[in-house]
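Report on the following structure.
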Amino acid sequence: MSASEPEITYRTALLSDYDGVMALGSIYGGRDYLWSLYKQLITDPDKYGIVAVVDDTIVGFYMTSTFDGGRTVLKRSGRVSEQFRGRGIFHRLEAELDKHTLQHRPRAMYDTFANTEREEHLGGKFLEMGFKEVYRKGMFHMIFKFSNLPPLGLNGGDNKQMKNATELTRDDVKLIFRTEDVSRQLFPSQRLLNCYMCYRLVDDNIPYMFCERGGAVCTLQDFQYSSSSSSSQKLDNDSVRHIAMVTFYYCYPTPTGFLYYLDAYAVKGVSRDHFHAHLKKNLEILQHYFPKQDGVVTVAYDGNVPMEHVASCLEDAGMTEHMKDQERVQILYERDRAACGFPVEK
Ligand SMILES: CC(C)(COP(=O)(O)OP(=O)(O)OC[C@H]1O[C@@H](n2cnc3c(N)ncnc32)[C@H](O)[C@@H]1OP(=O)(O)O)[C@@H](O)C(=O)NCCC(=O)NCCS
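Taking the UniProt record's numbering, the leading residue of the sequence shown gets 1, the next gets one more, and so forth.
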């Protein structure tokens, strides 16, 4: 360190660091979740945050989240104050998180993080670090204006054709995960990537998906419910085999309006009606949480969900304006810790 270089220290992020971390500035083009979720994340024992500090001012933040019952550690939310970039702070934050994982997550088998096409040029570097791309999906970030919603909602011209999209329960998702031939078709990479967070198909992850302002919706094909109250129908061993599409949602407020994430998965060859019905249901849910408000709807779609269906249904719902300069692809990288020489507790 030269005499003019300030000393940079690293320590665990605290609840009281909220203002300091927010002062680093919003990332993700104003869609930053830390603004509303920092306190919840930082007090969750499955998460761990680290800050870089210069003269009592926070100049960097990065955190891990643990999934898959302790088997996977995801890094996210990294940021360094513009003024201090290019001095290796991000690398030190990474190293501090790795140290924490070694000491406190001894069962972790996988390290993972999600990026976008913007960082695709770093793929070679990630490969050298032992990471492989394991999943990718397309996304749209749409400006949602309540006043642009069609007056009759998204019912389409012919209600009889409308698929019935119903909310799933935690038990329903457990059943989907356990019904292997179904989950293989719906989630061919055997992972979910929802809001940049990755989940293997294990029950331990279900509470992360069914949380405050989070849940899932499904549509079936070639199936008639026997009862009339299909909106509250639970899946059973028969109906689960008819699932055509599942969407997971999660939403939160940001300083510039709400952000509603919708992650869609489907079996191969689904018709457009399915995404249409999902979008309709999700817009109802959105209205429940953020009535009459404006915001952003981010739709991330798996390879089995045709992009044209997503684009045209969004248009039907009055969402034609893309957020400026937004990424179009989410890419999940993962490395096997044991294969990279890290000790892993059985
Ligand atoms: C990305 C960012 C955190 C880098 O901070 P920094 O302190 O300047 O980073 P460092 O000086 O340690 O070095 C930059 C390194 O980060 C790497 N990097 C940049 N973006 C990255 C990303 N999204 N994921 C992983 N590594 C990344 C670069 O390849 C470089 O590595 P190298 O020195 O081995 O080539 C900073 O530019 C930033 O805050 N950007 C806005 C937020 C953001 O994009 N975060 C993405 C990470 S979640």
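From the three backbone atoms N, C-alpha and C, an ideal C-beta is built for every residue, glycine too.
Bear in mind the structure is a predicted one, so any value in this text is a computation, not a measurement.
Linking T179 to L186 through their CA atoms gives a straight-line distance of about 11 Å. C198 and N205 have their C-alpha atoms some 9 Å from each other. Within the stretch 238-323, the beta strand (DSSP E) runs of at least 3 residues that lie entirely inside it are, in chain order, 243-254, 257-266, 295-301. Relative to the non-hydrogen atoms of ligand 1, the Cβ of H91 comes within a distance shorter than 6 Å of at least one. With contact defined as three or more Cβ pairs closer than 8 Å, the stretch 239-247 and the stretch 59-77 are not in contact. With distances taken between CA atoms, K163 lies nearest to K280 out of K280, Y265, D98, I50. Note on M319: 16 or more other CB atoms within 10 angstroms of its CB, so buried under the neighbour-count rule. CA-to-CA, the gap between T112 and Y196 works out to about 11 Å. The beta-bridge partner set that DSSP reports for M139 consists of A300. Pairing S312 with E284, the inter-Cα distance amounts to about 18 Å. Per DSSP, the unbroken alpha helix (DSSP H) holding A95 starts and ends at 89-104.
Membership of E180 in the alpha helix (DSSP H) is indicated by the continuous run 180-186.
The alpha helix (DSSP H) runs lying completely inside the stretch 34-79 and spanning 4 residues or more are 34-42, given in chain order. For the 7 Å CB-CB criterion, T64 and K75 form a contact. In the three-state scheme derived from DSSP, where H, G and I count as helix and E and B as strand, Q330 is classed as strand. Its Cα nearest to that of K268, the residue N304 stands out among H100, N304, G124.
The C-beta of R328 has fewer than 16 other C-beta atoms within 10 Å across all chains shown, which makes the residue exposed. When DSSP reads this structure, R11 sits in a beta bridge with V51.
In terms of Cβ geometry, V59 and F84 form a close pair [threshold 7 Å]. At least one heavy atom of ligand 1 falls within 6 Å of the beta-carbon of I27. When C-beta atoms of the stretch 163-175 are compared with those of the stretch 205-220, three or more pairs fall below 8 Å, so the two segments count as touching. DSSP places E5 outside both helix and strand once states are collapsed to three, so it counts as coil. Under DSSP, E117 forms no beta bridge with any residue.
Fewer than three Cβ pairs drawn from the stretch 284-293 and the stretch 100-110 lie within less than 8 Å of each other, which leaves the two stretches out of contact. The beta carbons of L262 and T247 sit about 5 Å from each other, so the pair counts as a contact at 8 Å. Going by DSSP, M162 is part of no alpha helix (DSSP H) at all; its letter is neither H nor E. Residue side-chain check: R337 keeps its Cβ at 6 Å or more from all non-hydrogen atoms of ligand 1. Excluding residues up to 5 positions away in sequence, D203, I206 lie with their Cβ nearer than 8 Å to the Cβ of K174 in the same chain. Straight-line spacing of the CA atoms in I143 and A277 works out to 20 Å.
Residues of the same chain with a CB within less than 6 Å of the CB of D238, apart from the 5 flanking positions on each side, do not exist.
Ranking A300, D316, S189, K324 by CA distance to the CA of D273 puts D316 first. Looking at R136, L37, Y33, E321, the one whose alpha-carbon comes closest to that of F146 is E321.
Cα atoms of Y249 and I27: separation of roughly 21 Å, rounded to the nearest angstrom. In this structure, the C-beta of E119 approaches ligand 1 to less than 6 Å from one of its heavy atoms.
In the three-state reduction of the DSSP assignment, C218 falls in the strand class.
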